[in-house]
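So the structure is just underneath, and the comments pick up after that.
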Amino acid sequence: MTDINGAVPAIAKALQKRGYETLTPVQLAMLDPALATADALVSAQTGSGKTVAFGIAMAPTLLEDRDSFGRAAAPLALVIAPTRELAMQVKRELDWLYAEAGAVITSCVGGMDIRNERRALERGAHIVVGTPGRICDHIRRNALDMSEVRVAVLDEADEMLDLGFREDLEFILESAPDERRTLMFSATVPAAIAKLAKSYQRDAVRIATAAEQKQHVDIDYRALLVTPSDRENAIVNVLRYYEAPNAIVFCSTRAAVNHLHARLSNRNFSVVALSGELTQNERTHALQAMRDGRARVCIATDVAARGIDLPGLELVIHADLPTNSETLLHRSGRTGRAGRKGVSALIVPVTQRRKAERLLFGAKVEPTWANPPSADEVTVRDEERLFADPIFTEVTTNEDEQALIAKLIERFDAEKLASAFVALYRGKNSAPEDVSVVSLEARKPRDGKPGDPASRPLTPRGDFGPAIWFSLSVGRKQRAEPRWLIPTICKSGDLSKNEIGAIKMQADETFVEIAEAHADKFMAKLGKDKTMERGIRVTRLDAAPDFSKFSRGTDDEGFTKREGPRMDKPWKDKPFRDGPKKDGFRKDKPFSKDGPRGDKAYGDAPRKDWKPKGEKPSAERRMDDDVWGEKPKGDFAKKSGDKPFGDKPFKKKAFGDKPFAKADGDKPFKKKPAGKGGFEKRK
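Residue numbers (my numbering): 10 to 692.
Structure (structure tokens):
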């Protein structure tokens, strides 16, 4: 950071009034004289002061050598933001930053009255801040004059591309004069942003602040491992444990926002919701409630993940894991801003730990893995906050209160007064919830580093301990698979995956190992019929099953067994040459001359001079070419006229000459049917 003397005088004066003594790295980079007239592609971490940075960068082009703006006419600068909330926040920042210069700033965002915006544009504005869709509407309706635009700023450019605003951005930039400056600010610079910059910027200066290389140094990342059923209880305990002045809880869908909003409201939290289904007026009121202290918790979708700056926001909770690492960083970036400390807590169900590890590894974040705060830990923190409450040291009373205090002391003893005080203190807060303790050692990453899925080896289970074997009446033939069998066992027997040991799947049954301490509970949960879902019968075994009889080998008949879907049946397709005597095969002489194959390989045609014992070859049993064959038998032979097989089997004409004759009294079709349509008319 450095001083603010390098800024335009009007801007420097506004910064001083605002209490700025030093600038952040990205703001300092904007003071470089080489950027006074150049395009720029700037990347910096969320919360680094990008809004003030591009406000500083625009000033030399907009004010030139003047101290203030003249009469407002066509806009001189256009600032584009991805969401309504971010656009309104940018406008508020620019209002005080350009107050000393007398700038007229107006907003054009979706959800607001477009007629009021049109009238504001007609009166004139120096700077227009808006969202892509609404700005395009005003341009197409000739309400927004782009002819005088000197600077175009794209704030959170990567987010706008992710939201599908590419065509709108291209339309806006093509509508602006070619000689304008184009400044792009983004937390990251993916390939799509680089391509857009190359198309619409001229020799842009690439600026990446040093802070970008180390993401969110003021944020404490905590990954809290929970069972899926404890997810909401964990959120409640995290909110109660930290008791942040402002907290935001991110959900993946609007339905999840509404559900969690209702649950937290019922638990006595002062909470508001923020999602895309709300009107702009409702969203504005929700954010204002957070700013003025009427609400302390905001439940939001990712629409609020970028650019929203709430004062005193010290806690971010990811109720649902984000879809990618960038979203994780932008969600978390709502806290730890401008040098303040913050906590980003990921609620990680045990079934999604691998996903959480990949997200954290992609974000280059090393979290602290832990269980969510327990009810006892929340109670201890409540006591610490109680004794540290300024009410005990900063109490000032007037005469009326002194009289009431005297009456209370006279009527009640110290214990009753203290009990009443504690009850009132705890009554304003939600009671903590009980959460299950989840083992954190099962998937500990190698080398103690964050979970790189490519480098982390599979962790062996080790000794499972004392266990009981059970037989399930389902196997490979019934398409049994662990991915649905394990959840079925857990649900039917009230077990967790940690209480299930080895699973040996056979053709018609599956053997499952259950921890001995939970075996009786497992059987009791199944009821009298001992049946799980899908009609799977469960049998408790007295000893471990003998798996040797299911291994590959030969049975008593000398046929090979095979594993897989039919591993319990012998392989009887082809007998061994030294197999038992069966069907004319001799064990001691498998290829005897008087056998059916003679001395030729198995599968060749029989010798012409061979004949079955006790019979003589006859013409009836030999074909003309001396190839083994027989005359067709039964009715088939009669129909074929005693001809060799292969001729036409029937003397009659092919089926179809006279279809359905006399079936309903009609005449059969003729070769040349008469009448309309080619068919004979009925009589």
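Just so you know, even glycine gets a beta-carbon here, dropped at the ideal spot from N, CA and C.
Mark SER208 as exposed unless 16 or more other C-beta atoms lie within 10 angstroms of its C-beta, in which case mark it buried.
In this structure SER208 is exposed. Its beta-carbon is surrounded by fewer than 16 other beta-carbon atoms within 10 angstroms.
Cα-Cα separation between HIS327 and PRO358, rounded to whole angstroms:
In this structure, the CA atom of HIS327 is about 12 Å from the CA atom of PRO358.
Which value, in whole angstroms, describes the spacing of the CA atoms of ALA43 and PRO69?
Near 12 Å, if we compare the C-alpha coordinates of PRO69 and ALA43.
To the nearest angstrom, how far is it from the Cα of ARG263 to the Cα of LEU368?
Each residue's Cα considered, the two are about 22 Å apart.
Output yes or no for whether 9 Å exceeds the beta carbon distance between ALA372 and LEU330.
LEU330 is positioned such that its CB atom lies no closer than 9 Å to that of ALA372.
Is it buried or exposed for ILE257, if we count other Cβ within 10 angstroms and need 16 for buried?
By the 10 Å Cβ count, ILE257 comes out buried.
Buried versus exposed, by CB contacts within 10 Å (16 or more), PHE370:
With 16 or more other Cβ atoms within 10 Å, it is buried.
Three-state secondary structure (DSSP) of PHE520:
PHE520 falls in the strand class under three-state DSSP.
Give the range of the alpha helix (DSSP H) segment to which GLU392 is assigned.
Here the alpha helix (DSSP H) through GLU392 covers 384 to 396.
Continuous alpha helix (DSSP H) stretch holding PHE78: start and end:
Note, PHE78: premise wrong, no alpha helix (DSSP H); not H, not E.
Please report how far the alpha carbon of ALA379 lies from the alpha carbon of SER448, in whole angstroms.
Their Cα atoms are separated by approximately 9 Å.
Using beta-carbon positions only, say whether LEU693 and VAL160 come within less than 9 Å of one another.
Beyond the ends of the chain as shown, which are 10 and 692, falls residue 693; an answer cannot be given.
Could you give the first and the last residue of the continuous alpha helix (DSSP H) run that contains SER480?
Not the alpha helix (DSSP H): SER480 falls in the beta strand (DSSP E), residues 476 to 481.
In chain order, each alpha helix (DSSP H) run of at least 4 residues that lies wholly inside the stretch 287 to 322:
Correct list: 289 to 300.
Beta-carbon proximity check, SER195 vs LEU50, cutoff 9 Å:
Yes; because the gap between Cβ atoms is below 9 Å, this pair is in contact.
Residues in the same chain with beta-carbon distance under 6 Å from ALA90, minus the five sequence neighbours each way, listed in chain order, please.
Correct list, in chain order: ALA96, VAL99, ASP164.
6 Å Cβ shell around ASP229 - same chain, five flanking residues per side excluded:
Around ASP229: VAL352.
Thinking C-beta only, is GLN289 closer than 9 Å to VAL693?
Absent from the model: residue 693. The displayed extent of the chain is 10 to 692, so no value can be given.
VAL245 and THR92: beta carbons closer than 9 Å?
Cβ atoms of VAL245 and THR92: not closer than 9 Å.
Going by alpha carbons, who is nearest to SER77 out of ARG276, ALA108, SER52, THR31?
Among ARG276, ALA108, SER52, THR31, the Cα nearest to that of SER77 belongs to ALA108.
Can you tell me which of GLU73, ALA243, PHE531, ARG276 puts its alpha carbon nearest to the alpha carbon of ARG435?
Minimum Cα distance to ARG435 is reached at ARG276.
Where does the unbroken alpha helix (DSSP H) through ARG27 begin, and where does it stop?
18 to 27 is the extent of the alpha helix (DSSP H) around ARG27.
My understanding is that ARG300 touches PRO320, with C-beta atoms under 8 Å, so please give their C-beta distance in whole angstroms.
Right, their Cβ atoms sit about 6 Å apart.
Is the separation between the beta-carbon of ALA354 and that of VAL446 shorter than 9 Å?
Not a contact, by the Cβ cut-off of 9 Å.
On the premise that ARG249 lies in contact with ASN438, defined as a C-beta separation below 8 Å, what is that separation, rounded to the nearest angstrom?
ASN438 to ARG249, Cβ: 7 Å. Contact.
Tell me which residues share the same chain as GLU188 and place their Cβ nearer than 7 Å to its Cβ, disregarding the 5 neighbours each side in the sequence.
If the five residues before and after GLU188 are omitted, its C-beta is found closer than 7 Å to no C-beta atom of its own chain.
If we count the other Cβ atoms within 10 Å of its Cβ and call it buried at 16 or more, is GLY573 buried or exposed?
Note on GLY573: pLDDT 40, under 50, position unreliable in the model; the coordinate value appears next. Looking at its Cβ environment, which holds fewer than 16 other Cβ atoms inside 10 Å, GLY573 is exposed.
In angstroms with no decimal places, state the Cα-to-Cα distance between THR60 and GLU102.
Those two C-alpha atoms are separated by around 7 Å.
Do the stretch 483 to 500 and the stretch 543 to 556 make contact, defined as three or more Cβ pairs closer than 8 Å?
Segments in contact, yes.
Taking the beta strand (DSSP E) that THR191 falls in, what are its first and last residues?
190 to 195 is the span of the beta strand (DSSP E), which, as asked, contains THR191.
Nearest-angstrom Cα distance between ALA19 and LEU37?
For ALA19 and LEU37, the distance between alpha carbons rounds to 17 Å.
Would you list the residues sitting across from CYS117 in a DSSP beta bridge?
When beta bridges are read from the DSSP output, CYS117 appears opposite GLY139.
Would you call the CB atoms of ALA53 and PRO34 closer than 9 Å?
Yes, the Cβ-Cβ distance between ALA53 and PRO34 is below 9 Å.
Spatially closest choice to ALA217 from ARG80, MET39, THR332, by CA coordinates:
Nearest option by C-alpha distance: MET39.
Helix, strand or coil, according to DSSP, for THR33 in the structure here?
Taken through DSSP and simplified to helix, strand or coil, THR33 comes out as coil.
CB contact flag (ALA552, TRP493, <9 Å):
No, the pair does not count as a contact, with Cβ atoms beyond the cut-off.
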